[in-house]
Amino acid sequence: MKGKHGRSWILLICILAAASALFGLFRLLRPSEPGARVEVIKQGERIGVYDLSEDRDIPVLDLCVLSVRGGAVSVQSSVCPRQVCVHHRPISANGDTIVCLPNNLVIRILGGSDPETDFIL
Amino acid sequence: MKKKRFLRAVRLPVLLLAAVCLFASFACCGEAGDAILEKQSVTFTDVFDTVTEFTVCSVSERTFRKASEAVHAELLRLHSLFDIYTAPDGENEYATLYEINERTYDPSRELNPDLFSILEKAESFWNLSGQKLNCAMGTVLTLWHDCMEGKTGVPSAEDLSSAAEHIGFDSVLLQNGKLSLTDKSVRFDLGAAAKGYAAEYASAVAKENGCSNFALNLGGNVLLSGKKPSGDWVIGIQDPDGDGIFTKVYVTDCSVVTSGNYQRCRDIDGVRYHHIIDPETCMPAGRYDSVTVICHDSLNADMLSTALFCMPEDDGERLAKTCGAEILWIYPDGSAKRTEGFSDYEG
Numbered sequence: 182m183k184g185k186h187g188r189s190w191i192l193l194i195c196i197l198a199a200a201s202a203l204f205g206l207f208r209l210l211r212p213s214e215p216g217a218r219v220e221v222i223k224q225g226e227r228i229g230v231y232d233l234s235e236d237r238d239i240p241v242l243d244l245c246v247l248s249v250r251g252g253a254v255s256v257q258s259s260v261c262p263r264q265v266c267v268h269h270r271p272i273s274a275n276g277d278t279i280v281c282l283p284n285n286l287v288i289r290i291l292g293g294s295d296p297e298t299d300f301i302l
Numbered sequence: 272m273k274k275k276r277f278l279r280a281v282r283l284p285v286l287l288l289a290a291v292c293l294f295a296s297f298a299c300c301g302e303a304g305d306a307i308l309e310k311q312s313v314t315f316t317d318v319f320d321t322v323t324e325f326t327v328c329s330v331s332e333r334t335f336r337k338a339s340e341a342v343h344a345e346l347l348r349l350h351s352l353f354d355i356y357t358a359p360d361g362e363n364e365y366a367t368l369y370e371i372n373e374r375t376y377d378p379s380r381e382l383n384p385d386l387f388s389i390l391e392k393a394e395s396f397w398n399l400s401g402q403k404l405n406c407a408m409g410t411v412l413t414l415w416h417d418c419m420e421g422k423t424g425v426p427s428a429e430d431l432s433s434a435a436e437h438i439g440f441d442s443v444l445l446q447n448g449k450l451s452l453t454d455k456s457v458r459f460d461l462g463a464a465a466k467g468y469a470a471e472y473a474s475a476v477a478k479e480n481g482c483s484n485f486a487l488n489l490g491g492n493v494l495l496s497g498k499k500p501s502g503d504w505v506i507g508i509q510d511p512d513g514d515g516i517f518t519k520v521y522v523t524d525c526s527v528v529t530s531g532n533y534q535r536c537r538d539i540d541g542v543r544y545h546h547i548i549d550p551e552t553c554m555p556a557g558r559y560d561s562v563t564v565i566c567h568d569s570l571n572a573d574m575l576s577t578a579l580f581c582m583p584e585d586d587g588e589r590l591a592k593t594c595g596a597e598i599l600w601i602y603p604d605g606s607a608k609r610t611e612g613f614s615d616y617e618g
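Chains L and F are the protein sequences, given in the same order. Heads up: the first sequence begins at 182 in this note's numbering, then just goes up one per residue. Heads up: the second sequence begins at 272 in this note's numbering, then just goes up one per residue.
As structure tokens, this is what we get:
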């Protein structure tokens with residue numbers, strides 16, 4: 182009797198160990214939490230999300246060109262008349278935005294240098 | 272015999288494993304749209320000439336979709352009532368602000384109740400603020416609006432002083448749902464009140480549609496209800512001089528509004544002109560770089576931030592106390608002053 186129960190527990194432990202190993206493997210294989218990104222929204226619809234880890238220029242349709250430098254985003258050029266977005270300071274903190282109303286564009290940081298902040302006024 | 276013993280031995284673990292799998296499948300799956308999501312967000316760019324963001328925590332996708340449609344509809348309705356730049360589409364039961372300003376409004380007709388209500392509130396705040404918040408100075412604000420839009424240069428002193436002859440609520444009579452004007456040249460501009468008023472109404476719509484933890488950001492007028500799963504909402508106040516954040520406030524169930532000289536501004540011949548016009552001088556107010564208001568009522572927060580931008584701190588502090596608001600003033604030299612309770616929000 183004793184031996185039978187012993188085997189049963191050993192089996193249970195083996196199965197649980199295998200299950201937790203599998204669970205761990207899934208966690209490992211899942212893509213890691215992404216770092217800072219910039220989200221581009223046109224007329225309320227997201228049209229692109231770009232990583233901020235490397236410096237580059239990102240053309241947005243034929244409307245403007247975003248510049249990513251050192252984890253901060255600015256608008257390098259835009260076809261809008263008053264160039265308000267181009268004169269905006271570079272943004273890098275979570276939730277910070279540059280808005281171009283004539284082009285109906287919102288450029289917003291996701292998970293940036295200050296992830297706890299929801300909005301910047 | 273051996274086989275039987277083996278089956279008996281594995282019975283318990285297999286049953287346990289099956290139970291674990293069953294539980295896991297219930298926890299992971301569920302019909303699409305019913306799962307509760309931590310945070311969902313939508314952006315509207317067609318209301319109040321700004322970008323509006325509606326963020327909701329801890330509701331299903333289905334609830335979020337329904338609530339955001341209802342909130343958007345409410346914002347569009349109020350936008351069309353308060354918009355002074357666009358003629359309303361078709362026939363309306365009530366007059367809009369555009370029709371009042373363009374004098375295509377029949378004074379014997381009743382105003383839309385929301386329009387009447389916001390004008391009444393604007394009038395009483397005009398009195399309360401010593402006329403520093405003036406929603407009946409459309410004649411002056413139009414000149415500056417055209418300048419900010421790049422259509423004209425800086426308004427001339429003559430144009431401003433003749434426009435200033437027709438400002439204020441002295442010649443406005445609001446009674447029994449109707450509006451009459453003794454000075455037919457007075458024009459309204461609800462730029463300092465419309466977003467705050469709309470935020471309150473849209474917030475009520477969000478609550479009716481099953482949302483209790485949400486943020487509604489109407490281009491810098493932020494109304495916060497409840498909390499995020501991780502705690503209070505966190506609002507960064509921009510450093511007017513630099514790229515960074517001056518301070519952060521941790522808030523719930525209130526509105527935070529900042530009026531700053533860095534928003535909606537234009538540099539002409541090396542001089543920066545911004546959109547907050549002092550009704551006394553009819554020029555952009557220059558005491559502060561920004562004024563931040565934390566207040567339980569979104570309309571009061573909106574009107575206060577503009578009024579305080581044009582007032583000395585002592586008068587502003589008294590007015591803020593009357594409204595139960597906390598204030599942060601940031602000066603052009605980078606220094607700041609706070610009301611007593613403001614620091615409590617700064618974490």
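C-beta atoms are modelled at their ideal positions from N, C-alpha and C, and glycine is treated no differently. It should be emphasised that the depicted structure is a prediction, and the values quoted were computed from it without experimental measurement.
- 8 Å or more divides the Cβ of L:Ile-290 from the Cβ of L:Val-267.
- Not a single CB atom of chain L sits nearer than 8 Å to the CB of F:Trp-600.
- Nearest to F:Cys-406 by alpha-carbon distance, out of F:Gly-612, F:Ala-393 and F:Lys-478, is F:Ala-393.
- Among the bridge pairs identified by DSSP, L:Val-267 is matched with none.
- Closest by C-alpha distance to F:Glu-370, out of F:Ser-569, F:Ser-379, F:Ala-473 and F:Ala-358, is F:Ala-358.
- Taking CB atoms only, F:Phe-315 has a neighbour in chain L less than 8 Å away.
- Considering only beta carbons, the part of the stretch 315-329 of chain F lying closer than 9 Å to chain L consists of Phe-315, Thr-316, Asp-317, Asp-320, Thr-321, Val-322, Glu-324 and Thr-326, in chain order.
- The residue from F:Ile-508, F:Gly-448, F:Arg-336 and F:Glu-471 with its alpha-carbon nearest to that of F:Arg-380 is F:Gly-448.
- One finds Asp-295, Glu-297 and Thr-298 in chain L with Cβ atoms closer than 9 Å to the Cβ of F:Lys-519, taken in chain order.
- Between the C-alpha atoms of L:Pro-240 and F:Gly-513 there is a straight-line separation of about 26 Å.
- Secondary structure at L:Asn-285: coil, using DSSP grouped into helix, strand and coil.
- Below the 7 Å Cβ cutoff, chain F contributes Thr-314 as neighbours of L:Ile-222, in chain order.
- Contact of L:Arg-218 with chain F by beta-carbon distance below 8 Å is absent, the smallest such distance being about 14 Å.
- For F:Gly-304, the closest C-alpha among the options F:Ile-389, F:Asp-320, F:Phe-325 and F:Arg-336 is that of F:Arg-336.
- Checking the DSSP bridge columns, you'll see F:Asp-430 has no partner listed.
- By the rule that beta-carbons nearer than 8 Å mark a contact, F:Trp-415 does not touch chain L.
- Runs of alpha helix (DSSP H) with 4 or more residues, each lying fully within the stretch 558-605 of chain F, are found at 569-580 and 584-594, listed in chain order.
- For the pair L:Thr-278 and F:Lys-519, the CB atoms are not nearer than the 8 Å cut-off.
- Leaving aside the five residues that flank F:Ala-477 on each side, the residues in its chain whose CB is nearer than 6 Å to its CB run, in chain order, Ala-338, Val-342 and Phe-485.
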